[in-house]
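In order, the protein sequence lines correspond to chains A and B. Going letter by letter, the first sequence gives residues 1 to 444 in this note's numbering. Going letter by letter, the second sequence gives residues 1001 to 1423 in this note's numbering. All C-beta atoms, glycine included, are put in the ideal place defined by N, C-alpha and C. Bear in mind that the values here come from a model prediction, so they are computed numbers and not experimental data. Working notes for the structure below.
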Amino acid sequence: MATGQIFSRTTQALFYNYKQLPIQRMLDFDFLCGRETPSVAGIINPGSEGFQKLFFGQEEIAIPVHSSIEAASSAHPTADVFINFASFRSAAASSMAALKQPTIRVVAIIAEGVPESDTKQLIAYARANNKVVLGPATVGGIQAGAFKIGDTAGTLDNIINCKLYRPGSVGFVSKSGGMSNELYNTIARVTNGIYEGIAIGGDVFPGSTLSDHVLRFNNIPQVKLIVVLGELGGRDEYSLVEALKEGKIHKPVVAWVSGTCARLFKSEVQFGHAGAKSGGELESAQAKNQALKEAGAVVPTSYEAFETAIKETFDKLVVVSVFDRIKSRDNRDKRVQLLQQYAHNNFPSVKYMEYAVQVENYTLSKANNLVLNVDGAIGSLFLDLLSGSGMFTKPEIDEIVDIGYLNGLFVLARSIGLIGHTFDQKRLKQPLYRHPWEDVLYTK
Amino acid sequence: MARKKIREYDSKRLLKQHLNKLAGIQIDIRSAQITESTDFNGLVESEPWLATEKLVVKPDMLFGKRGKSGLVGLNLNLAQVASFIKDRLGEEVEIGGCRGPVTAFIVEPFVPHSHEFYLSVVSNRLGCSISFSDCGGIEIEDNWDKVKSVFIPSEGSFTPDICASLIATLPLEVKGKIEEFIKAVFILFLDLDFTFLEMNPFTLVDGNPYPLDMRGELDDTAAFKNFKKWGDIEFPLPFGRVMSATETFIHDLDEKTSASLKFTVLNPRGRIWTMVAGGGASVIYADTVGDLGYAAELGNYAEYSGAPKEDEVLQYARVIIDCATANPDGRKRALLIGGGIANFTDVAATFNGIIRALREKEAQLKAARIHIYVRRGGPNYQTGLTKMRQLGEEISIPLEVYGPETTMTGICKQAIQCITAAA
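This is the structure in structure tokens:
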């Protein structure tokens, strides 16, 4: 595993075992994100062929239906994700067939109750052939603004709420599919949102593990913060502990392992997820939380404090990565310094600039970052030019200032930015105009 | 996949039956199971060796260290076995901090032996580990350095070379038989979807391997392809887990539906009760009440998921409400109807069943001074939450409703405040 991103805005999937609702939800998400192509290229429904009509925005589209995995793969060679909605009885066989297609890179298995021995065969094959298995027993995953698997993240209003239509900076991985959606919401509340979210599924041996995805997030430049929600049972969290200890993860990790309540049960207990079984001390939530904390992850004292821990860790990142670029007494704007130096050497008089510097000395005594910015420097130097050049009378200068010529300079500078912004929006296919949702969206 | 322990009796039954089928190895295992419902005379008729041989009897309750705990009867005749069982059947014992009654025994011929070997197979993520030692028996943990282990990757096979390293130190005269046996056991392990198997010890009877003690765990999700091979298999509850009538009712309900319905009473006199949607979320609600310092007040663990039908939710909710409202003591109680933000479950639909149950049990809820806290999100949650609010007003029960705008476990704190507030 490891390496980085597994989805993009052009990722297309083959969908095994036709289910109208999850496919329509994928297409609605695509449209919301402004994808040009629908994320489902083809459907495989054993024994049937033809088309299924679905909505891509307002437009009705026909998605081809194939009777076999092989036929679908050769008809859609660019589709590299296989979304398997087969029942637990047949999920393993169809997943193996999909993994064997050279065009398929990622297989997501939704079914719960796939036998352990079958999953182990899938894991072995995927490892040997550099492929990724998500699940079994998972809802899937999502790359915000790019691609989502099946029912992940639920309805459109939830996707809008959690800002999943555009990328944020958080990589999130959990066992539980239900909790993944909860955490998308939590993370959107206290950070700039999800970049990618994966639910690995609740089985004893998931196709890919928590640490597999954390290591992958570590390689994705857009992911700045990693959030992990583990669970009692199994040893998966310890491979994350090892990776942290070995210094393989360079981004902050906020983690919580649920299941601290297991000690309240008198006998061994099996919770809702197959993998969530109380066993030895090492597999307890308490031991795993402790180990993660010792390895350097941010671990709250309870789930209730998880949100605050995510917020605080993210806020620290923002302070480090954004605000230190804002100028301060010890970190002056180079442009201001160069302008001032030039004026000192070449202008006949710099009295307005000196006045501005006095003001700056005063403001700096109030706050470290209230420095003279480039607009202030240009403004004061323009006044020095007007008065020092000897070409304008005092009334003329006053008139120029009153009319707001100087503001014209600043508007000019910003208009370049505005034009650039408009072009950039168009280049990213994100037009500024947004028509009311209810008019354009097919929702259910 | 869910790993389930099976009784020693079933482990040996599967071993005997399938070792013959898969590898042509015949083991003369004879064993009988005795529970409360066993007809002793009938059993002796079908297993006549019981009357003629010297016997061993021990509890078959998924716990180990029976010899060390003095729970094994050795070299007894049938009458002695009967009185051994009579003295202990239904009696509570404590094993590893877990108390519970002994309800099943296994009886076998007494096999005098000099050699004790150890064998185990464990399923791991990337393959299986096989461990073997010629110093098996109850002191195995002290002799763990003498146990040799090999790893067979999922994509690999158990080659003679790998096997040779396990049995290198064995005397030549037993090596062949034991090698053949280990290989056959591994084939059986894979074929029957075992996830764990241990024989401690097995010995040699007339030169042939024979397990004296055996533990097994099956992957119950493989039942759909193995039900014929497994035959009449039982997945007993973990030792010490005794289900109350209400728990049994939900357990039976759970067995009959494709959805998941879980219910465990932790403290019948607890004052915080939960009914939570989702495998992940349900654990977190119980955690949070505990992590906030009120584990002692937590009445139960409950989880429903996988889109149960309205009628199933109704039956489920009735049971939880009955438990939560039992024996009113004048003090306030809290019921948490919680859940995360569903991906695809229709929240309004699942709430219908809960609302029906709450309406039915109005008087009970009031008598027990229950305050209800609801938190849920997901498809159609607005409708579900509105219906809940309306219900609260209609039957005038204190009921607070929250959606995805609040944290999931915020209502745990409120429940704690509710039960700790004066009067």
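Three-state secondary structure assigned by DSSP to residue i
| i | result |
| --- | --- |
| Val133 of chain A | strand |
| Ser321 of chain A | Confidence at Ser321 of chain A is low in this model, with a pLDDT of 47, below 50, so the placement of that residue should be treated as unreliable; the coordinate-derived value is given next. Note: Ser321 of chain A maps to helix in three-state DSSP. |
| Leu1014 of chain B | helix |
| Gly141 of chain A | strand |
| Tyr1118 of chain B | strand |
| Arg216 of chain A | helix |
| Pro1201 of chain B | strand |
| Phe51 of chain A | strand |
| Arg427 of chain A | helix |
| Lys1413 of chain B | helix |
| Thr308 of chain A | helix |
| Ala108 of chain A | strand |
| Arg1333 of chain B | strand |
| Ile1419 of chain B | helix |
| Thr1169 of chain B | coil |
| His1371 of chain B | strand |
| Leu1237 of chain B | coil |
| Ala1342 of chain B | coil |
| Ile1451 of chain B | For residue 1451 of chain B there is no data in the structure shown, the boundaries of chain B being 1001 and 1423. |
| Lys224 of chain A | coil |
Within chain A, partners of residue i - CB distance below 9 Å
| i | result |
| --- | --- |
| Leu1071 of chain B | Per Cβ cutoff of 9 Å: no residues; Leu1071 of chain B is ~18 Å from chain A at best. |
Cβ neighbour criterion (16 or more within 10 Å) applied to residue i
| i | result |
| --- | --- |
| Leu412 of chain A | exposed |
| Arg414 of chain A | exposed |
| Ile419 of chain A | exposed |
| Arg329 of chain A | exposed |
| Ser1129 of chain B | exposed |
| Phe1151 of chain B | exposed |
| Met391 of chain A | exposed |
| Phe15 of chain A | buried |
| Pro221 of chain A | exposed |
| Asp445 of chain A | With chain A covering only 1 through 444, there is no way to say anything about residue 445 of chain A. |
| Asp324 of chain A | Below a pLDDT of 50, predicted positions are generally treated as unreliable, and Asp324 of chain A, at 39, falls in that range; the measurement from the model is reported next regardless. Per the 10 Å Cβ criterion, exposed. |
| Ala128 of chain A | exposed |
| Phe423 of chain A | exposed |
| Tyr355 of chain A | exposed |
| Tyr362 of chain A | exposed |
| Asn427 of chain A | Correcting the residue identity first, residue 427 of chain A is Arg in this sequence and not Asn. Under this definition Arg427 of chain A is an exposed residue. |
| Phe1040 of chain B | exposed |
| Ala1002 of chain B | buried |
Those residues which DSSP pairs with residue i across a bridge
| i | result |
| --- | --- |
| Cys1128 of chain B | B:Ser1123, B:Ile1152 |
| Met1214 of chain B | B:Met1199 |
| Lys100 of chain A | Per DSSP, none; premise fails for Lys100 of chain A. |
| Glu1094 of chain B | B:Arg1099 |
| Phe56 of chain A | A:Glu59 |
| Lys148 of chain A | A:Ile142 |
| Tyr1304 of chain B | B:Leu1261, B:Ala1277 |
| Leu1076 of chain B | B:Leu1055 |
| His66 of chain A | A:Ile44 |
| Val257 of chain A | A:Gly230 |
| Leu380 of chain A | First, the amino acid is wrong: residue 380 of chain A is Ser here, not Leu. Note: Ser380 of chain A sits in no beta bridge, so no partner. |
Contact list for residue i against chain B, beta-carbon separation under 7 Å
| i | result |
| --- | --- |
| Arg89 of chain A | Phe1224 |
Chain-ordered neighbours of residue i on chain B, where CB pairs are closer than 9 Å
| i | result |
| --- | --- |
| Ile149 of chain A | The contacting residues do not exist; Ile149 of chain A stays about 10 Å from chain B at best. |
heavy atom of the ligand SAM below 7 Å from residue i C-beta
| i | result |
| --- | --- |
| Lys1148 of chain B | In the structure on display, the ligand SAM does not appear, and there are no ligands present to speak of. |
Partners in chain A for residue i, counting only beta-carbon separations shorter than 7 Å
| i | result |
| --- | --- |
| Cys1323 of chain B | Near Cys1323 of chain B there are no residues of chain A at all, since even the closest Cβ is about 16 Å away, more than 7 Å. |
| Met1408 of chain B | Glu182 |
| Leu1190 of chain B | Ser117 |
| Ala1295 of chain B | Leu264 |
| Leu1298 of chain B | Leu264 |
Which residues, in chain order, does the region 1207–1233 of chain B contribute to contact with chain A at a C-beta distance below 8 Å? Asp1219, Thr1221, Ala1222, Phe1224, Lys1225
Residues of the region 1260–1293 of chain B whose Cβ lies closer than 9 Å to any Cβ of chain A, in chain order: Ser1260, Lys1262, Thr1264, Leu1266, Asn1267, Ala1277, Gly1278, Gly1279, Gly1280, Ala1281, Ser1282, Val1283, Ile1284, Tyr1285, Ala1286, Asp1287, Thr1288, Val1289, Gly1290, Asp1291, Leu1292
With 8 Å as the limit, tell me which residues of the region 286–301 of chain A have their beta carbon closer than that to any beta carbon of chain B; keep them in chain order. Thr301
Chain B contacts made by the region 240–261 of chain A, where a contact means CB separation under 7 Å: Ser258, Gly259, Thr260, Cys261
Short of 9 Å Cβ to Cβ, which residues in the region 7–26 of chain A face chain B? Leu21, Pro22, Arg25
For the region 169–193 of chain A, which residues have a CB atom closer than 9 Å to at least one CB atom of chain B, in sequence order? Ser174, Lys175, Ser176, Gly177, Gly178, Met179, Ser180, Asn181, Glu182, Leu183, Tyr184, Asn185, Thr186, Arg189
Just by C-beta distance, which residues in the region 1340–1352 of chain B are closer than 7 Å to chain A? Gly1340, Ile1341, Ala1342, Asn1343, Phe1344
May I ask you to list, following chain order, the residues of the region 302–314 of chain A that have a beta carbon less than 8 Å from some beta carbon of chain B? Ser302, Tyr303, Glu304, Glu307
Any C-beta of chain B within less than 7 Å: which residues of the region 123–148 of chain A qualify? Ile123, Ala124, Ala128, Val139
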